[in-house]
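K.L.:
I have a structure I would like to understand better, so I am pasting it below and will then ask my questions one at a time.
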Amino acid sequence: MKLFSSSWASLMACLTVFSITSCDDDTVSSSNTDSSTKSAYVVAATVDGTSYLLSTPSLDEGTLSVKGRGTEVISASYWVYKDENYLFGLVYNKGGNGTGASYYLDADGNIRERYTYEYNRITTYGTFGHNVVTVSTGNASSSMADADGNIPQMLLFNYLNANDGSQSSESIMSENFLGNGEKVHFSGLVEANGCLYTSVIPGGMSCYGVNKWPDMVTDPNLIASADGGSASSSYKAGEIPSTQYPDMAYVAIYSGSSFSEKPTIVSTDRMGNACGRMRSQYYQTIWAADNGDVYVFSSGYGRTAVSSADLNKVTGTLPSSVMRIKAGTKEFDDSYYVNLENLGSQHALYRCWHITGNTFLLQLYTGGVDEMLKGQYANVCELAIFNAVDQTITPVDGLPADLAGFGGEPYADNGSIYIAVSVTGGDFPAFYRIDPSTGKATKGLSVEADGLTSAGKLVVME
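Counted the way my numbering counts, the sequence shown spans residues 51 to 512.
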């Protein structure tokens with residue numbers, strides 16, 4: 051079983067926790083758990099701006115009401131299930147300190163709050179051993195500034211132990227992580243083959259990097275001559291704001307239990323950066339198949355880097371594509387390459403998720419590459435099934451004609467994948483089950499709510 055959790059439109063990120071307190075007795079909901087199996091599906095829903103968790107024995111049928119039985123919870127941007135024991139809700143607060151909480155099913159099948167915590171901004175997250183891990187890129191201590199006062203960027207890690215609620219943190223240098231002088235971001239964490247895989251996204255050269263590794267500047271014209279941009283796209287004079295390597299994919303492979311070790315870096319120039327993108331958010335696009343092969347997808351987002359009168363950029367040329375790292379190896383399999391834009395509707399990739407075996411759910415730009423280049427996201431609602439062995443794409447059929455959008459990330463279970471769907475009509479949002487062998491989508495559980503943001507399974511904690 052695979053589980054994916056977070057909102058489509060939420061900014062990706064990772065977190066650094068400052069405090070954590072136990073509050074077991076704060077929240078209880080009425081039970082809707084199958085006592086014979088002592089487990090339940092858990093649904094995250096919103097009503098009038100308030101978030102709730104509800105338990106249900108099935109995602110395939112029926113109607114679930116929040117009224118009178120939902121557990122009111124934090125309005126999480128991301129939901130992370132850990133070993134079906136705990137559900138972590140993480141709130142992204144636009145760069146400021148966020149809040150979080152973990153939840154579990156008690157012996158009576160009630161959803162209870164376990165711990166609460168606070169943290170900094172988020173860029174990616176996942177699981178690593180016993181921990182839920184968050185990762186972000188941020189400033190190092192000012193004591194590490196160079197002679198000109200430029201502060202290097204660090205990769206900041208926080209480990210939230212799922213067993214006892216303890217936490218720890220560490221940081222490593224983000225600058226020149228790949229040996230090319232650029233700072234980096236991580237996108238997605240995948241545990242497979244006794245290792246942890248993460249896509250490494252180069253993010254240009256900071257002022258610190260340009261000063262320290264001037265020989266890594268491929269073209270002096272790429273250095274910004276003045277401050278510019280806004281919000282997460284802002285930059286300073288003296289830095290290279292976007293990567294010089296949009297047509298490269300990098301994956302770091304860790305064999306230990308923390309990010310302090312030196313990973314194996316594998317790379318290829320046959321595809322672009324291995325992630326999906328929405329502005330500053332990096333979406334995970336690396337997933338392990340059931341046999342341990344890790345499939346690495348690229349959206350070809352580097353094509354959106356276009357020079358302007360004020361700033362020169364290196365524009366990518368490579369299409370949406372997929373390669374793999376076979377189980378037991380630490381290199382890209384040169385015999386495997388698929389140009390996704392030559393299959394199916396020939397549309398560019400936005401996001402993807404593993405379903406079962408060697409099948410994956412793809413979310414594509416309905417307007418193709420042109421829609422990607424224009425930075426449009428509202429109409430990204432074309433779904434398809436990719437069979438990595440047959441190298442075929444099957445469009446998903448059976449979604450409602452008045453589709454308004456998807457409420458949360460998919461949840462894979464028992465050979466199918468469930469996705470929350472909202473419509474423009476008067477119907478409540480519902481989960482649709484997609485059969486990866488046919489691409490057929492079938493309406494399942496409806497929830498009397500304004501929106502759905504997550505689904506997964508928790509077992510009773512004795």
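Glycine included, each C-beta is placed from N, C-alpha and C at the ideal position.
Buried or exposed: which applies to P445, given that a residue is buried once 16 or more other Cβ atoms fall within 10 Å of its Cβ?
P.N.:
exposed
K.L.:
Assuming G159 and S105 make a contact with CB atoms under 8 angstroms, what is their CB distance in whole Å?
P.N.:
7 angstroms
K.L.:
In the DSSP assignment, find the unbroken alpha helix (DSSP H) run with V419 in it and report its ends.
P.N.:
Start and end: 418-423.
K.L.:
Assuming C257 is part of the alpha helix (DSSP H), what are its boundary residues?
P.N.:
257-262
K.L.:
I need the straight-line Cα distance from V497 to E421, nearest angstrom please.
P.N.:
32 angstroms
K.L.:
Tell me the start and end of each unbroken beta strand (DSSP E) in the stretch 318-390 that is at least 3 residues and wholly inside, in chain order.
P.N.:
326-328, 331-333, 336-338, 344-348, 371-375
K.L.:
Can you tell which of S395, K363, S349 has the C-alpha that lies nearest to the C-alpha of M373?
P.N.:
S349
K.L.:
If K233 and T187 are in contact, beta carbons under 8 angstroms, what's the gap, nearest whole angstrom?
P.N.:
7 angstroms
K.L.:
As a quick exercise: from G231, T121, Y285, T318, pick the residue whose alpha carbon is nearest that of D269.
P.N.:
G231
K.L.:
For the stretch 240-247 against the stretch 255-264, do three or more pairs of beta-carbon atoms, one drawn from each stretch, fall closer than 8 angstroms, so that the two count as touching?
P.N.:
no
K.L.:
Check whether the Cβ atoms of I201 and N211 lie closer than 7 angstroms to each other.
P.N.:
no
K.L.:
Is DSSP giving P313 helix, strand or coil here?
P.N.:
coil
K.L.:
Would you identify the three-state DSSP class for D265, choosing helix, strand or coil?
P.N.:
helix
K.L.:
What would DSSP say about M194, mapped onto helix, strand or coil?
P.N.:
helix
K.L.:
Taking N323 as the reference, which of V183, V473, R353, I303 has the closest Cα?
P.N.:
R353
K.L.:
Determine which residues share a DSSP beta bridge with K132 and list them.
P.N.:
Y136
K.L.:
Since I251 contacts Y332 with CB under 8 angstroms, what's their CB separation in whole angstroms?
P.N.:
6 angstroms
K.L.:
Going by DSSP, what residues sit across from E122 in a beta bridge?
P.N.:
Y102
K.L.:
Does DSSP classify N213 as helix, strand or coil?
P.N.:
coil
K.L.:
What is the DSSP secondary structure of L453, reduced to helix, strand or coil?
P.N.:
strand
K.L.:
If you draw a straight line from the alpha carbon of T367 to that of T379, how long is it in whole angstroms?
P.N.:
28 angstroms
K.L.:
Is L495 helix, strand or coil when you go by DSSP?
P.N.:
strand
K.L.:
Considering I467, what are the terminal residues of the beta strand (DSSP E) in which it resides?
P.N.:
466-473
K.L.:
Using three-state DSSP, classify A157 as helix, strand or coil.
P.N.:
coil
K.L.:
DSSP three-state label for P445, please.
P.N.:
strand
K.L.:
Buried or exposed: where does N338 fall if 16 or more other Cβ atoms within 10 Å of its Cβ makes it buried?
P.N.:
In the sequence as displayed, the identity of residue 338 is Ala instead of Asn. Buried is the call here.
K.L.:
Can you tell me whether N181 is helix, strand or coil according to DSSP?
P.N.:
strand
K.L.:
Kindly identify the DSSP beta-bridge partner or partners of Q413.
P.N.:
R401, L433
K.L.:
Give the C-beta separation of A287 and M321 to the nearest angstrom, bearing in mind that I take them to be a contact with Cβ-Cβ under 8 angstroms.
P.N.:
Not a contact, Cβ separation roughly 32 angstroms.
K.L.:
Please determine, among G215, V344, D384, the residue with the shortest C-alpha to C-alpha distance to E163.
P.N.:
G215
K.L.:
Look up P479 in the DSSP assignment and say whether it is helix, strand or coil.
P.N.:
coil
K.L.:
Go ahead and label N243 buried or exposed: buried means 16 or more other beta carbons lie within 10 angstroms of its beta carbon, across all protein chains shown.
P.N.:
buried
K.L.:
Report yes if the CB atom of G448 is closer than 7 angstroms to the CB atom of A491, and no otherwise.
P.N.:
yes
K.L.:
Have a look at N437 and T409 and give me their C-alpha separation to the nearest angstrom.
P.N.:
5 angstroms
K.L.:
Candidates N362, S280, H180: which alpha carbon is nearest Q217's?
P.N.:
H180
K.L.:
Who does E111 pair with in a DSSP beta bridge?
P.N.:
Answer is none; E111 lacks a bridge partner.
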